[in-house]
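Visitor: Just so you know, we're using the working numbering here: the sequence shown kicks off at 4 and counts up by one.
Handing you this structure, nothing more for now.
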Amino acid sequence: MTQTPPDDERPEPEQDGRTRLFAALRRRGSRGQVTVAVLLALLGFAAVTQVKANEQDDRYVGARQGDLIQYINNLSLASQRAAGEISRLQRTRDALRSDTRARRTALDRAQQQATTLGILAGTVPVVGPGVRVTVTDDKGGVGSNQLLEGLEELRDAGAEAIELNDKVRVVAQTSLKDTSGGVLVDGTLLRSPFVIEAIGNAPSLATALDFKGGFTDEVQRPSVDGTVDVVEVDASDGVKISTVVPPATPRFTQPGKTG
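Structure follows, in structure tokens:
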């Protein structure tokens, strides 16, 4: 009667090569075995890299001298072309920088000129040192002639901006006309007291109004019987002129060509 032998006495089945390889891979190796495996892998990678490098170098080993010279010449020409292109790009960059600086400078100058013209034309509010002149006239003797004389003396002394009674900005085209109720300045009726505010060098402006036979003497003469009070205002306080003149649009004139 045939009996089945115990499990521990059964012979192990034969294993082929693939099975043994998988078993070896599944088996956990010692630290030394792992280290050896890593070193072998690195050695194999280095060998492959060296072989590829040798293969690349070998293509010039058997080359003829003329081919090598031609190859070197080609590299030299390519290098020269690259250097030339770099130089051209650098010149273009420098030209653009120079052009940008020139445009910025021109723009700054144009803005400065526009600001200066705006101040002189009375189209922008301004502030600065100057004088505040108060002319009191109880008898109505101060008229357009006296005010015009005072304005001209201030302009001659370097006044850069002038305002009357916080209502009228005085510019080159300003007109003054006597009326029964006061003085009509650019269509605005002004009455005593007349307050003239001017921006400029304060001592120079004050002196210009006080010389013998000038504006102050004219207002204070008996036939007019007015008073003049001049107050110098320094830069810290500042004379503030807020009224402006609308910019005029030329109807007939056009910019002309120079030269």
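The beta carbon of each residue, even a glycine, is placed where N, CA and C say it ideally should be.
Whole angstroms are fine: how far does the CA of glutamine 115 sit from the CA of phenylalanine 218?
Guide: As a first step, residue 218 is located in the sequence shown; it is residue number 215 there, counting from the start. As a first step, residue 115 is located in the sequence shown; it is residue number 112 there, counting from the start. A straight-line Cα-Cα distance of about 34 Å links phenylalanine 218 and glutamine 115.
Visitor: Since glutamate 200 and arginine 158 are thought to touch, with beta carbons under 8 Å apart, how far apart are those beta carbons, to the nearest angstrom?
Guide: Your numbering for residue 200 matches position 197 in the sequence shown. Your numbering for residue 158 matches position 155 in the sequence shown. Wrong, their Cβ atoms sit about 14 Å apart, outside the cutoff.
Visitor: Might you give, ordered along the chain, the residues of its own chain that have their beta carbon closer than 6 Å to the beta carbon of aspartate 237, omitting 5 neighbours on each side?
Guide: Translated into the one-based positions of the sequence shown, residue 237 becomes position 234. Excluding residues within five positions, the ones whose Cβ falls inside 6 Å are Pro132.
Visitor: Please specify which runs of the beta strand (DSSP E), each continuous and at least 3 residues long, are wholly inside the region 144-172, giving them in chain order.
Guide: 164-167
Visitor: Could you pull the start and end residues of the beta strand (DSSP E) that glycine 185 belongs to?
Guide: On the sequence shown, residue 185 is found 182 positions in, with the first residue counted as 1. It spans 185-188 - the beta strand (DSSP E) in which glycine 185 sits, taken as one unbroken run.
Visitor: How is valine 138 classed by DSSP in three states: helix, strand or coil?
Guide: Start at 1 with the first residue of the sequence shown, and residue 138 comes out as number 135. If DSSP states are grouped into helix, strand and coil, valine 138 belongs with the strands.
Visitor: Using 8 Å as the threshold, is the region 115-126 in touch with the region 244-257, meaning 3 or more CB pairs across them?
Guide: yes
Visitor: For leucine 78, write down the residues that DSSP places opposite it in a beta bridge.
Guide: Along the sequence shown, read from residue 1 onward, the residue named residue 78 stands at position 75. Bridge partners of leucine 78: none, in fact.
Visitor: Suppose you measure from the CA of alanine 162 to the CA of serine 101; what does that come to, to the nearest Å?
Guide: Working through the sequence shown from its first residue, we reach residue 162 at position 159. Working through the sequence shown from its first residue, we reach residue 101 at position 98. Alanine 162 and serine 101: Cα-Cα distance of roughly 39 Å.
Visitor: Excluding the 5 residues flanking valine 188 on each side, which residues of the same chain have their C-beta closer than 7 Å to its C-beta?
Guide: Walking along the sequence shown from the start, residue 188 turns up at place 185. When the five nearest sequence neighbours on each side are left out, the beta carbons in the same chain lying within less than 7 Å of the beta carbon of valine 188 are those of Leu167, Val171, Thr177, Leu179, in order along the chain.
Visitor: What are the start and end residues of the alpha helix (DSSP H) that includes phenylalanine 197?
Guide: Here the question's residue 197 lines up with position 194 in the sequence shown. Here phenylalanine 197 belongs to no alpha helix (DSSP H); instead the beta strand (DSSP E) covers 197-202.
Visitor: What distance in whole Å lies between the Cβ atoms of threonine 137 and proline 196, which are believed to be in contact at a cut-off of 8 Å?
Guide: Reading the sequence shown from its first residue, position 193 is the one you call residue 196. Reading the sequence shown from its first residue, position 134 is the one you call residue 137. The pair is a contact, with the Cβ atoms about 6 Å apart (cut-off 8 Å).
Visitor: Compute the Euclidean distance between the alpha carbons of proline 104 and serine 79, then round it to the nearest angstrom.
Guide: Within the sequence shown, the letter at position 101 stands for residue 104. Within the sequence shown, the letter at position 76 stands for residue 79. One detail in the question is off: residue 104 reads as arginine in this sequence, not proline. Approximately 37 Å between the Cα atoms of the pair.
Visitor: With threonine 191 as the anchor, note down where its beta strand (DSSP E) starts and where it stops.
Guide: Numbered from 1 along the sequence shown, position 188 holds the residue referred to as residue 191. Start and end: 191-193.
Visitor: Reducing DSSP to helix, strand and coil, say where glycine 131 ends up.
Guide: For the purposes of this step, residue 131 is taken as residue 128 along the sequence shown, with counting starting at 1. Glycine 131: strand per DSSP, three-state reduction.
Visitor: Are three or more beta carbon pairs between the region 140-154 and the region 223-233 nearer than 8 Å?
Guide: yes
Visitor: Apart from the five residues just before and just after leucine 208, which ones in its own chain have a Cβ nearer than 7 Å to its Cβ?
Guide: As a first step, residue 208 must be located in the sequence shown, where it is residue number 205. These residues qualify, in order along the chain: Gly133, Val134, Leu157, Ala160, Ala162, Ala201.
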